[in-house]
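Trainee:
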Amino acid sequence: MLTNDSTPALTGTVNDPTATVVVNVDGTDYPAVNNGDGTWTLADNTLPALTDGPHTITVTATDAAGNVGNDTAVV
1 MLTNDSTPAL TGTVNDPTAT VVVNVDGTDY PAVNNGDGTW TLADNTLPAL TDGPHTITVT
61 ATDAAGNVGN DTAVV
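Taking the UniProt record's numbering, the leading residue of the sequence shown gets 1, the next gets one more, and so forth.
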């Protein structure tokens with residue numbers, strides 16, 4: 001992913017429309033919105049200004065039963 005926006009919005013997919021979604025960027029957690037339609041969103045300008053270079057992003061979804069799924073990428 002390449003952008004000139006230092007505080008980009010992030011989006012993704014989630015299997016459970018009621019799961020709690022947390023986005024971790026470089027060690028800091030940010031609660032995301034589960035849109036209830038199989039997608040989640042972390043709004044534009046939620047993140048502090050990111051520096052140029054790679055960043056580690058982990059998205060964790062937790063369902064009502066406490067089951068956890070996550071995915072990590074370096075972008």
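Where is the CB? At the ideal position from N, CA and C, for every residue including glycine.
(1) What is the rounded straight-line gap between the Cα of residue 76 and the Cα of residue 56?
(2) In whole angstroms, what is the alpha-carbon distance linking residue 12 and residue 32?
(3) With distances taken Cα to Cα, identify the nearest neighbour of residue 105 among 54, 66 and 30.
(4) If you scan the UniProt domain "Bacterial Ig-like" (2-72) from start to end, which runs of the alpha helix (DSSP H) of 4 or more residues do you find wholly inside it?
(5) DSSP state of residue 75, grouped into three classes?
Mentor: This is what the structure gives:
(1) For the chain, the structure presents residues 1 to 75; residue 76 sits outside this window and is missing.
(2) 10 Å
(3) There is simply no residue 105 to check, as the chain begins at 1 and stops at 75 in what is shown.
(4) none
(5) coil
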